[in-house]
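In the UniProt record's numbering, the protein residues as written are 1 to 229. Beta carbons are placed, not taken as given, at the ideal position from N, Cα and C, and that holds for glycine. Okay, so here's the structure we're looking at.
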């Protein structure tokens with residue numbers, strides 16, 4: 001970290017100029033998030049009927065029609081007819097063996113247990129309670145003015161709660177059924193693997209250049225940049 005107090009006066013002036021630019025950036029960012037919030041509220045109204053129906057199906061209030069239950073996967077994800085038939089026979093056999101459950105039992109508990117960030121927080125004594133969790137929803141409200149400074153402990157707790165709440169809002173609620181089935185977890189893992197591979201490739205490229213006996217770092221420099229140094 002730079003020791004600001006020991007910097008030359010002319011450099012301090014420039015740092016102050018950068019800080020003023022940062023303030024302007026923050027003001028623009030605040031406006032951006034204000035408009036994002038308005039947009040989210042607008043589209044929340046369109047999402048709500050779908051979330052309401054999801055709630056009704058999970059909690060056995062509404063029984064979906066045959067047409068609604070017909071899942072049509074993309075071509076690349078299609079299962080062979082043989083496997084489909086086998087799955088159908090097994091499902092029918094299980095239905096005969098046990099009583100028809102209401103809705104989708106333990107839906108949200110299963111979602112929580114399938115997601116590492118949430119499962120780490122779930123204790124054994126929480127599970128009987130979460131089995132009865134009927135719904136998780138986002139509720140938009142008007143901005144609330146800050147009441148004052150928080151102590152460090154309260155700020156840390158609030159930051160952790162915000163992180164979890166943001167994760168629920170952005171990832172879990174819109175794709176809850178995919179986290180229930182585990183499909184969203186596979187997608188998340190694939191995204192993570194791709195990011196890791198890209199980082200490894202960049203590191204290998206840099207390493208190859210450094211290990212090249214003919215590599216001259218001066219050739220990569222822009223002549224105009226060299227003159228300014």
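Below 8 Å between beta carbons: does that hold for residue i and residue j?
i, j, result
"residue 40", "residue 140", "yes"
"residue 173", "residue 138", "yes"
"residue 131", "residue 109", "yes"
"residue 179", "residue 114", "yes"
"residue 57", "residue 49", "no"
"residue 103", "residue 44", "no"
"residue 62", "residue 72", "no"
"residue 4", "residue 15", "yes"
Could you round the C-beta distance between residue i and residue j to whole angstroms and report it? I think they count as a contact, below 8 Å.
i, j, result
"residue 136", "residue 168", "6 Å"
Whose C-alpha, out of the options, is nearest the C-alpha of residue i?
i, options, result
"residue 185", "117, 160 and 31", "117"
"residue 105", "150, 127 and 144", "127"
"residue 38", "175, 166, 143 and 158", "143"
"residue 181", "23, 107 and 21", "107"
"residue 120", "164, 151 and 30", "164"
Should residue i be flagged as near chain D, meaning a C-beta pair shorter than 8 Å?
i, result
"residue 120", "Of the protein chains in this structure there is only one, and it is not chain D."
Worksheet item: Where are the alpha helix (DSSP H) runs, 4 residues long or more, that stay fully inside the segment 97-131, in chain order?
Response: 107-114, 116-119 and 127-130
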